[in-house]
Amino acid sequence: MYSEINNDTITNLIKSNPDFEAVIQKIIQDNKQTTTMFVHELRNPLSLMKGTLQYIEAKHPETKDFKYWDQLHELVHDLENMMADASLLNTCNSIKKEKCDLLSLIKGMKNNFMPQAINQNIDLDIILRPGCETYFSSYECDCAKIKQVLSNLIKNAFEATTPGNFIHIILDYLAGNQQIPQKLSIQVSNNGLPIPEDEINSIFIPFVTYKKGGTGVGLAVVKKIIDLHYGSVSVTSKEEETCFTILLPL
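Written as structure tokens, this is what we have:
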């Protein structure tokens with residue numbers, strides 16, 4: 001699958017044999033067309049399904065009490081999310097960098113998620129390591145897309161946690177040296193259900209998911225956006241903690 005191949009591998013293939021470029025571009029284009037067709041073909045029947053459910057519910061309010069009625073709504077909602085994520089994955093091929101106050105962005109996101117955290121009794125907190133505030137307050141990136149990345153990771157963390165668990169957003173600056181460049185580190189960690197060991201290596205591949213009702217696209221979008229920033233994203237998951245780590249170059 002093309003999505004399993006990172007940008008460096010593709011670049012090296014093209015350098016080793018320029019004829020590969022045409023083949024790779026054809027694969028990429030075919031992949032985009034297939035995804036576009038998939039989303040288009042599903043959108044109309046899904047809209048009809050959603051409209052029909054709303055019509056039935058409006059005409060017959062008692063249906064809200066029917067067994068599996070809520071489950072039908074959830075299935076439609078899951079399909080809507082899958083199509084939205086697939087469309088984003090298909091069109092997210094470039095970024096528009098600008099100066100961004102990442103610290104304010106992340107604090108704002110925490111505030112947005114606080115009602116859910118309070119409702120679910122989750123300890124949602126930002127941990128700011130010493131000396132990193134200046135770097136996060138003015139960082140050149142695609143602010144909207146980084147927000148999408150963090151939103152996906154925080155949502156995933158909420159899905160994994162239960163009352164009494166924590167979700168921590170840990171911000172740090174890695175100074176680096178002559179061999180290792182300096183970087184910003186963003187970690188989203190939680191002590192909820194761990195990711196199954198046999199799933200963790202394929203977790204960033206599109207449409208691969210270990211979650212019931214998951215689309216398998218959200219983390220693929222995360223990886224694609226971070227790759228476009230020439231950064232990296234990784235995950236570790238043990239019984240006591242699952243942690244997604246994003247490293248962004250300075």
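Once you know that position 54 of the sequence shown is 54 in UniProt numbering, the rest is easy, because the numbers rise by one and skip nothing.
Cβ coordinates follow ideal geometry from the N, Cα and C atoms, glycine included.
For D227, the enclosing alpha helix (DSSP H) stretches over residues G218 to L228. Straight across, the Cα-Cα distance linking N44 with V217 is about 21 Å. Inter-residue distance for E197 and E62 is about 44 Å (C-alpha atoms, whole angstroms). In the DSSP assignment, C100 forms a beta bridge with Y139.
Here the C-alpha atom of L72 lies approximately 40 Å from the C-alpha atom of L171.
At least 8 Å separates the beta-carbon of I126 from that of K145. By the neighbour-count criterion, in which a residue is buried when 16 or more other Cβ atoms sit within 10 angstroms of its Cβ, G192 is buried. Contact check between the region 80-88 and the region 51-65: fewer than three CB pairs, one atom from each, fall below 8 Å, which does not count as touching. The three-state reading of DSSP puts S189 in strand, counting E and B together.
Secondary structure of H73 (DSSP, three-state): helix. Closest option to T162, judged by alpha-carbon separation, among Y173, I118, S138 and S87: I118. With a 10 Å radius around the Cβ and a threshold of 16 neighbouring Cβ atoms, D123 comes out exposed.
Around the beta-carbon of K224, 16 or more other beta-carbon atoms lie within 10 Å, marking it buried.
When the beta-carbon positions are compared, I226 and V149 come within less than 8 Å of each other.
Going by DSSP, C243 is part of the beta strand (DSSP E) stretching over T242 to P249. The beta carbon of K99 is closer than 8 Å to those of S138, Y139 and E140 in its chain, skipping five residues each way along the sequence. Taking 3 residues as the shortest admissible run, the region 105-167 contains the following complete beta strand (DSSP E) segments, listed from N- to C-terminal end: 123-128 and 139-141. Comparing alpha carbon positions, the residue from S185, V76 and G51 closest to P249 is S185.
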